[in-house]
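What follows is one structure encoded as C-alpha cells, with my remarks underneath.
Protein chains: 2
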Amino acid sequence: MPHVCNRARRLILDGLDPVERDGHLAMEPLPSGADAADHALLGIDRHGRPIFAALHGHPAMSPNATPASRGIVDIVPAEEVAIYGAARSLIHWHARHGFCSVCGAPTRAVKAGWSRHCDACGADHFPRTDPVVIMLAEHRGRVLVGRQHSWAQGRYSALAGFVEPGETIEEAVARELFEEAGVRVRDVRYLMSQPWPFPSSLMIACIAQADDDALTLDETEIEAAFWVDADGVRAALADEDGAPFQAPPPMAVAWHLLDRWLAGVAPSPASA
Amino acid sequence: MPHVCNRARRLILDGLDPVERDGHLAMEPLPSGADAADHALLGIDRHGRPIFAALHGHPAMSPNATPASRGIVDIVPAEEVAIYGAARSLIHWHARHGFCSVCGAPTRAVKAGWSRHCDACGADHFPRTDPVVIMLAEHRGRVLVGRQHSWAQGRYSALAGFVEPGETIEEAVARELFEEAGVRVRDVRYLMSQPWPFPSSLMIACIAQADDDALTLDETEIEAAFWVDADGVRAALADEDGAPFQAPPPMAVAWHLLDRWLAGVAPSPASA
Chain A
1 MPHVCNRARR LILDGLDPVE RDGHLAMEPL PSGADAADHA LLGIDRHGRP
51 IFAALHGHPA MSPNATPASR GIVDIVPAEE VAIYGAARSL IHWHARHGFC
101 SVCGAPTRAV KAGWSRHCDA CGADHFPRTD PVVIMLAEHR GRVLVGRQHS
151 WAQGRYSALA GFVEPGETIE EAVARELFEE AGVRVRDVRY LMSQPWPFPS
201 SLMIACIAQA DDDALTLDET EIEAAFWVDA DGVRAALADE DGAPFQAPPP
251 MAVAWHLLDR WLAGVAPSPA SA
Chain B
1001 MPHVCNRARR LILDGLDPVE RDGHLAMEPL PSGADAADHA LLGIDRHGRP
1051 IFAALHGHPA MSPNATPASR GIVDIVPAEE VAIYGAARSL IHWHARHGFC
1101 SVCGAPTRAV KAGWSRHCDA CGADHFPRTD PVVIMLAEHR GRVLVGRQHS
1151 WAQGRYSALA GFVEPGETIE EAVARELFEE AGVRVRDVRY LMSQPWPFPS
1201 SLMIACIAQA DDDALTLDET EIEAAFWVDA DGVRAALADE DGAPFQAPPP
1251 MAVAWHLLDR WLAGVAPSPA SA
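Put into C-alpha cells, the structure is as follows:
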C-alpha cells in the first residue's frame, strides 16, 4: 500500500469527539509508515500540509451529537469545523461499510478514504450525505415550532425530515409539514444550509407560507406543536425567563432559521 | 407476510423505464396474493388507492437515464413524475442492497419498501438521496458553461458535483467551481431543486458571482468550458442554428437554471 508524505498531519479524536488545543483542532504528525488505506484525506491546511483521519471506527459507535461535538463550532475556525464534520461522517460511514451491499463480500477503502471497493463483484461504494429539510411554516405573523418526544422539557424547534427519492426540496417541505402537523403550505423559500455530521445530514432550511393555522399532529413523530409570534421567538432566542419555549442552541441551523425569520418580520429592539 | 389490499395498483415498468398510457403512467391491479415484502409503497392516488412498485431489480441494471425515462416528465402530471422517480430510485437501491454493509449477511425489505433490515446484526438501512450542486458562475454579464468528455458533441451545461460530508450547499458550489474550473466565487444564491433519479440525486441549482474570468480546468472532469453572454444563452435555449453551444434538454434543471439567469439579466425578445 502507498505511504503518505511525512509533512502530513493527523486529526486527534476522542472516539468520534473532537479534541481542541488553543482554539484549533488537535493534530499530530502522521506516523511514518502509516498505511494510506487506513486513513482518509480530509483536506490541505493553509501551509499546504495534507490532513488525515484514521479510519478507526467501530460499527456500534453512536453517531449522535455530544456536548463536545456540538460545541466545537464555537471554538475552532469554520474550515476546521468542516474538517471535523467530514472526519466524523467518514469514520462512521467506513465503520458501517466493511461489507459490500451488492454481494456481501468484504470491501476496502480506496481513493484516499472517499470510496470503498469490492474486489469480489467490482462494486464501488461512496459516503452518503442525507438531505434533510428543516422549516418554519408562517401564518399571519406567527411560525410553527414543535417538539419530539425525546427532547429536553420545554425545547421546541423547527420541524424537519429527510428528503425522499423523487421529490424536490420544496415538495419535501410541503410533505413533511402536512404529514407531521397537517399544515398545507405554498411559497417555500430556501434560506440556508448546514452540514450536520451526526452521522451525515445536510440540513436545508426553508420558510413556507401556511394557508391555515389548524394543526393535526402525527403524534408518533411530534409530541406537541404551536404557533409563536415574533415576541415569543425573540424571548426564546434570548433565553429569557418566561419565554414560551426553549430554543435550540445557537450552533443549530434551526436557531438561525428563527433568527432570520425574526430579522425579516420585525426590527430587533437593538436596531429599532 | 402481510398481503396488500385489493384496491391497490402496481406501476407497470419496462425494466427501469416507464410505460405511458393516455398521458399517465401505466398501472395494473396489484395481483391478489402479492407479497408486500416484494413491493414498495410509492404513494396514494387521488382516489385513495395505494400505488406499489415491484422490487424486481437486478444489481447490474444501469441507473443511467434513457430517452423514455427522461421524456416522461413532459408526458405525465407532476405527481406521477415524482411517483416514477421514487420507483426508479427505490428499485435500483433495493437491487444493490441485498446484503448488510455492516456484517455482510442478507437483508430484507421492511417498512413498505422504504428500508431494509439485517436480521443477523440488527442494522437498518435506508434508501439514499445524494445532494448534488449544479451552478452557474456569473462574471460581468456572462455565465460559465462546460462539458464532460462523454457528452454529445457541442453539448455544454452548468458545472455540477456531489455535496461532500461536512460542507454546506454554498461551500460545495464554491469548491466545485474552484476544483473543476479554477474559478473563485462569492454570493452563492439558491434558485431551485429537482430530483434526478439516475439513480438517486437531488439537484440543487445555484448562481454565484465570480471575481475573475480566468479558467484553470481540471481536464479529467471537464473537457472544455467557456463564458457565454445572454445572447448566446438565448440562442442555445432556443436551439438556434449558430448558437454557441447545444443546451441541455428542457427537462434538465440546467436548462431552467440558464433560463432563470436569462430572465434575470435581460428582458426576453417576446417581453421587451
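Order-wise, the sequence lines are chains A and B.
Counted from 1, the first sequence has number 140 at position 140 by the numbering used here; the numbering is strictly sequential.
Counted from 1, the second sequence has number 1201 at position 201 by the numbering used here; the numbering is strictly sequential.
All residues carry an ideal CB built from backbone N, CA and C; glycine is no exception.
Quick caveat, the model's predicted, so the values are computed rather than measured.
8 Å Cβ cutoff, residue i in contact with chain A
i: ILE1134 of chain B; result: no
i: LEU1130 of chain B; result: Just to set this straight, residue 1130 of chain B is Asp in the shown sequence, not Leu. ASP1130 of chain B counts as touching chain A.
i: SER1268 of chain B; result: Confidence at SER1268 of chain B is low in this model, with a pLDDT of 49, below 50, so the placement of that residue should be treated as unreliable; the coordinate-derived value is given next. Cβ-Cβ to chain A under 8 Å: no for SER1268 of chain B.
i: VAL1163 of chain B; result: yes
i: SER1193 of chain B; result: yes
i: PRO1018 of chain B; result: no
i: ILE1169 of chain B; result: yes
i: TYR1190 of chain B; result: yes
i: TRP1261 of chain B; result: no
i: LEU1237 of chain B; result: no
i: SER1115 of chain B; result: no
i: PRO1127 of chain B; result: yes
i: PRO1197 of chain B; result: yes
i: SER1200 of chain B; result: yes
i: PRO1059 of chain B; result: yes
i: PRO1002 of chain B; result: With a pLDDT of 49 at PRO1002 of chain B, under the threshold of 50, the modelled position of this residue cannot be trusted, and the question is left open.
i: ALA1272 of chain B; result: In this predicted model, ALA1272 of chain B has a pLDDT of only 37, less than 50, meaning its place in the structure is not dependable enough to derive any value.
Residues bridged to residue i (per DSSP)
i: CYS206 of chain A; result: A:MET135 and A:TYR190
i: GLN246 of chain A; result: A:ARG155
i: ASP130 of chain A; result: A:SER201
i: ALA1036 of chain B; result: Its beta-bridge partners do not exist; DSSP assigns none.
i: PRO29 of chain A; result: A:ARG9
i: GLU274 of chain A; result: This structure gives no information on residue 274 of chain A, because the portion of chain A shown stretches from 1 to 272.
i: LEU41 of chain A; result: A:PHE52
i: ALA1160 of chain B; result: B:ILE1134
i: HIS125 of chain A; result: A:ARG116
i: PRO1195 of chain B; result: B:LEU1202
i: ALA1224 of chain B; result: B:ARG1147
i: ASP1014 of chain B; result: B:ASP1017
Any C-beta of chain B under 8 Å from that of residue i
i: GLY166 of chain A; result: yes
i: VAL76 of chain A; result: no
i: HIS97 of chain A; result: yes
i: LEU13 of chain A; result: no
i: ALA86 of chain A; result: yes
i: VAL102 of chain A; result: yes
i: SER69 of chain A; result: no
i: LEU90 of chain A; result: yes
Whole-number beta carbon distance between residue j and residue i, since they are thought to touch under 8 Å
i: ARG189 of chain A; j: ILE207 of chain A; result: 5 Å
i: GLN194 of chain A; j: THR1129 of chain B; result: Contact flag wrong, Cβ pair sits at about 17 Å.
i: HIS125 of chain A; j: HIS92 of chain A; result: Actually they do not touch by this definition, with Cβ atoms about 14 Å apart.
i: GLY1113 of chain B; j: LEU1041 of chain B; result: 6 Å
i: ALA174 of chain A; j: VAL163 of chain A; result: Actually they are not in contact, since the Cβ atoms of ALA174 of chain A and VAL163 of chain A sit about 12 Å apart, beyond 8 Å.
i: LEU215 of chain A; j: VAL183 of chain A; result: 7 Å
i: LEU1080 of chain B; j: LEU1013 of chain B; result: Checking the displayed sequence, the identity of residue 1080 of chain B turns out to be Glu instead of Leu. That belief does not hold up - the Cβ atoms of GLU1080 of chain B and LEU1013 of chain B are roughly 13 Å apart, past 8 Å.
i: ILE1051 of chain B; j: ARG1009 of chain B; result: 5 Å
i: ALA235 of chain A; j: GLN246 of chain A; result: With 8 Å as the limit, ALA235 of chain A and GLN246 of chain A do not qualify as a contact, their Cβ atoms being about 11 Å apart.
i: GLY1166 of chain B; j: GLY85 of chain A; result: 3 Å
Beta carbon proximity, residue i to chain C, threshold 8 Å
i: ILE1083 of chain B; result: Here chain C cannot be found, since the structure's protein chains are A and B.
Span of the beta strand (DSSP E), counted from its first residue to its last, around residue i
i: PRO106 of chain A; result: Per DSSP, PRO106 of chain A belongs to no beta strand (DSSP E) and is neither H nor E.
i: ILE1051 of chain B; result: 1050–1054
i: LEU1144 of chain B; result: 1142–1147
i: VAL233 of chain A; result: Looking at the DSSP string, VAL233 of chain A is not in any beta strand (DSSP E); the run it does join, the alpha helix (DSSP H), is 230–237.
Residue i, enclosing alpha helix (DSSP H) - first and last residue
i: GLY264 of chain A; result: 253–265
i: SER115 of chain A; result: Looking at the DSSP string, SER115 of chain A is not in any alpha helix (DSSP H); the run it does join, the beta strand (DSSP E), is 115–117.
i: ILE72 of chain A; result: From DSSP, ILE72 of chain A is part of no alpha helix (DSSP H); its letter is neither H nor E.
i: VAL173 of chain A; result: 169–181
Any non-hydrogen atom of the ligand ZN within 7 Å of residue i CB
i: ARG1189 of chain B; result: No copy of the ligand ZN appears in this structure; indeed no ligand is present at all.
Mind listing, in chain order, the continuous alpha helix (DSSP H) runs of no fewer than 4 residues lying wholly within the region 74–103 of chain A? Inside the region 74–103 of chain A, DSSP marks whole alpha helix (DSSP H) runs of 4 or more residues at positions 78–95, from first to last along the chain.
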